[in-house]
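I have placed the structure first, in the form of structure tokens, so that the comments after it can refer back to it.
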Amino acid sequence: MSEASDSTAARKPVRRVVIAGGGTAGWMAAAALSRTLGKVLDITLVESDAIGTVGVGEATIPTLVTFHRLLNINEQAFMAATHATIKLGIAFEGWRDVSKDYIHSFGLTGKDHWTAGFQHFWLKGRERGLARDYGDYCMELRAAQERKFAHLPDNGINYAFHLDATQYARFLRRFSEEFGVQREEGRIAEVRMADNGDIAALAMEDGRLIEGDLFIDCTGFRALLIGQALGVPFEDWSQWLFADSALAVQTDSVRDAIPYTRSIAGDAGWQWRIPLQHRCGNGIVFSSRYTDADAARETLMGSIEGAPRTEPRLIRFKPGQRAKAWERNCVALGLSSGFLEPLESTNIHLIQRGITRLLQSFPHVIEQVDIDEYNRQVENEITHIRDFVILHYKVTDRRDTPFWRDCAAMDIPDTLRHRIELFAETGRVFRVPNELFAENSWIQVMLGQGIVPRQRHPAPDMMGDEELQHFLEGIRQRVENTVRRLPAHMDYIRSYCPMQ
Ligand code: FAD
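Throughout the sequence shown, residue numbering follows numbering that gives the first Met the number 0, covering 0 to 499 in sequence.
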């Protein structure tokens, strides 16, 4: 009999769930589990005020709106409590080349035909001098540029949030405690193992013993359970993603918040600007192979606007992924399961996906087949997100520093190489099933980074110039008419969810 079925035989039905860690991952897991299965589970969350949380992670993507809807979280209450603003996309400044910018927005661009995406019609329009900027055909992108926002009927606008990470954890804690989650404060001193190799309990520094059937590791980069106790190895991706450090600092706001994140490329990495209602989150992500923390600190502090509210905080990380996110009776969520630099704000999304996946395969008794399926899905999902992030570094005209020259010269995963070649040659992109980033995102970023497809689909040749112009202009004018009627972003926020 295999080791897996031996340990399965020894397992009891899952009744007691222990969440180790109370950062964004821990409290999101607590909120979702208690809201959906709270009546049939005993859920305990352990966190240490002395250790604290990573305290960054403030830009999100639209899937968080769905997460809140599933949990029945009131959006106005959430936004007021977390001082949130709206995010319609990310401005990539200086990524294609030192002074070339573009926006990756959350919206759809133009209108696809079932045989050929809108980009093919736009490419023909461009050949004939009939098309404007690709972004002019996307409502969310134009709204971001005009700094406007309002909810539209029938979920007619795609948006996400910028939020205060510390307040978000507090908000979810209140929510989770209402649904019965028990919070234990203190430091975990030891992870106790059962005879079958599963985790049996968390032994606290003060002697308390917190036993469970299923453990969720949300202990951040420490990975106390999945890494230290269970020894699941970490797959390192630093051959593709050179950044391994960040400095974060909060500043006072100096102007109304804009509805998009700024990602500003620098000599050996990039800086983020995340505007909240009351302050701005700033940071620099860099590679210690190409610069040091002192130089990065100087660059960051020399470019921030507004008085600093905090000291710049150095965070070291390793890009990559835990070989298995679920091992035995432990599921890792958040930083303990892996880390992709926050270029496309995907980490909170991955926490949410992990939670959804866990809920969908929530075990009566833990079976190896559930574990294998979960891990297979995680790996499939993360591969494409990883590729999407690498794309920004690989496809660039920048050659101004050793960092950028090495990025352009690096070998990339075959999956990404194929996508780039296909688009560069034919203008085509195909979304892989269950992939996070859809065609629209890949196209915006590939065009934004400077790839112009050599060929295009023949479908637009069915249209004469006049018809094509009418088609393109019709879309563009509908976008403009909608954007013109939207209020200024912060005027809308001030009336929709004034800060508490
Ligand atoms: P943490 O916040 O580190 O929480 C760990 C928890 O474990 C804490 O409660 C701690 O007290 C507890 N703990 C640890 N050890 C013990 C112990 N021995 N005993 C008891 N408790 C313990 N994500 C995005 O989606 N968007 C972004 O814009 C973004 N920006 C980022 C920028 C940077 C520089 C970094 C590093 C990350 C960023 N992320 C971003 C990722 C995001 O911050 C994390 O995914 C998210 O905060 C989840 O963190 P966590 O809960 O896993 O870990």
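All C-beta atoms in this analysis are idealised placements derived from N, C-alpha and C, irrespective of residue type, glycine included.
Check: residue i C-beta below 7 Å from any heavy atom of ligand 1
i    : result
C217 : yes
V17  : no
H82  : no
R245 : According to the sequence provided, residue 245 is Ala. The question's Arg does not apply to it. True, at least one ligand heavy atom lies under 7 Å from that Cβ.
R314 : With the sequence shown as reference, residue 314 is identified as Ile, and Arg is not the correct amino acid for it. Result yes, Cβ under 7 Å from ligand 1.
V55  : yes
G20  : yes
L223 : yes
L275 : no
V377 : no
G353 : no
E46  : yes
H348 : yes
G155 : no
A58  : yes
G25  : yes
T65  : no
T345 : yes
Residues near residue i by beta carbon distance below 6 Å, same chain, minus five either side
i    : result
E424 : R453
A222 : S335
C496 : Q75, M78, A79
Q539 : Nothing can be reported for residue 539: it is not among the residues displayed for the chain, which extend from 0 to 499.
C406 : Y392
Per-residue burial, residue i [other beta carbons within 10 Å of its own, 16 or more giving buried]
i    : result
H150 : exposed
K323 : buried
V253 : exposed
E326 : buried
E343 : buried
A256 : buried
S237 : exposed
A437 : exposed
T84  : buried
M489 : buried
T309 : exposed
L463 : Reading off the sequence shown, one finds Gly at residue 463, where the question assumed Leu. Its Cβ having fewer than 16 others within 10 Å, G463 is exposed.
L485 : buried
T23  : buried
V53  : buried
R272 : buried
L313 : exposed
G21  : buried
Neighbourhood of residue i by C-beta, 7 Å cutoff - its chain only, sequence neighbours within 5 removed
i    : result
A3   : In this predicted model, A3 has a pLDDT of only 46, less than 50, meaning its place in the structure is not dependable enough to derive any value.
S1   : Unreliable positioning characterises S1 in this predicted model, as indicated by a pLDDT of 41, which lies under 50. The coordinate reading is nonetheless provided below. For S1, where only same-chain residues beyond five positions count, there are no Cβ hits under 7 Å.
A31  : L70, I354, L358
P362 : V13, D369
Y259 : K86, L87, G88, I89, A90, I102, A143
R296 : L246, P311
S286 : F241, A242, D243, A267, G268, F402
N439 : L107, T108
T382 : T414
A9   : N195
E204 : G185, R186, A188
Those residues which DSSP pairs with residue i across a bridge
i    : result
N281 : V248, R272
V45  : A19, E183
S262 : F91, W271
Q101 : The displayed chain sequence assigns Tyr, not Gln, to residue 101. Y101 pairs with F91.
R312 : A247
Q320 : E234, G337
H161 : A58, T84
CA nearest to the CA of residue i, picked from the options
i    : options                : result
E92  : A228, F422, P497, Q448 : Q448
H112 : N346, A458, A76        : A458
I303 : F285, A247, F148       : A247
F220 : A331, P274, E177, F117 : A331
R288 : R207, I263, P401       : P401
A202 : L224, Y373, I72        : L224
R34  : E204, G21, F174, R272  : F174
R146 : R261, G22, Q351, L349  : R261
R500 : F148, E177, R321, D153 : The question about residue 500 has no answer, for the chain in this structure spans 0 to 499.
R315 : V16, V39, V55          : V55
V428 : M409, R455, R352, Y373 : R455
D413 : D396, D399, I389       : I389
A130 : V478, M498, L162, F470 : F470
G185 : S47, V364, R191        : S47
F516 : E210, I42, A19         : The structure shown does not extend to residue 516, since the chain is modelled only from 0 to 499, so the question has no answer here.
Same chain, Cβ closer than 8 Å to residue i, five either side skipped, listed in chain order
i    : result
L299 : L246, V248, Q270, N281, G282, I283, P311
S360 : D369, E372, Y373
R321 : A222, I225, G226, V231, P232, F233, E234, A331, S335, S336, G337
Ligand 3 heavy atom lying under 7 Å from the CB of residue i
i    : result
N281 : By its list of ligands, the structure shown excludes ligand 3, since it contains just ligand 1.
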